[in-house]
Amino acid sequence: MRIQALFLLFLSACAFLAVPEAVELGGEDLTMTVGAKRTWPELVGKPYAEAEAAIKRDAPDLTVSKVNSGSIVTMDFREDRVRVFVDKEGKVEKTPRPG
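Spelled out as structure tokens, the structure:
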């Protein structure tokens, strides 16, 4: 019983520990494998067709799919897929990346 009380006291103390903040990477181009481009921040604001062509040129092994703003998507992570989220005008809304 004494051990359980100490354990609970320890757990409650942990709740007040500071959690490190996330580090902003400053928009750097991150790569998942050496030499392979895996993010395309320069495509934000560009038309979907241009984005699709650039992604396929840089990473022909990836499947590129267009997703309209507000669409429901699955939460599974797939390294072989890049979803390109576009606004009503068909322009890229956020940085395309595998997932």
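If you're matching positions, the sequence shown starts at 6 in our numbering and goes up one per residue.
Note that beta-carbon positions come from the ideal geometry of N, C-alpha and C, so glycine has one too.
Bear in mind that the values here come from a model prediction, so they are computed numbers and not experimental data.
Counted within 10 angstroms of its Cβ, other Cβ atoms place residue i as buried (16 or more) or exposed
i            : result
arginine 43  : buried
alanine 54   : exposed
valine 78    : exposed
glutamate 57 : buried
isoleucine 8 : exposed
Proximal residues to residue i (C-beta, below 8 Å), its chain only, five neighbours per side dropped
i            : result
alanine 64   : Ala41, Lys42, Arg43 and Val87
serine 74    : Phe90, Val91, Asp92, Lys93 and Glu98
aspartate 85 : Asp66, Leu67, Thr68 and Pro103
lysine 61    : Leu67 and Val69
Whether residue i touches residue j by CB criterion (7 Å)
i               : j           : result
phenylalanine 2 : valine 72   : Any answer about residue 2 is impossible in this case: the structure gives the chain only from 6 up to 104.
leucine 128     : proline 101 : Missing from the structure shown is residue 128; the chain here goes from 6 to 104 and no further.
Residues near residue i by beta carbon distance below 6 Å, same chain, minus five either side
i           : result
lysine 51   : Val97
glycine 104 : Phe82
Same chain only: Cβ atoms within 7 Å of residue i, ignoring 5 sequence neighbours per side
i          : result
glycine 95 : Pro52 and Tyr53
serine 76  : none
Identified DSSP bridge partners for residue i
i            : result
threonine 68 : Arg86
proline 103  : Val87
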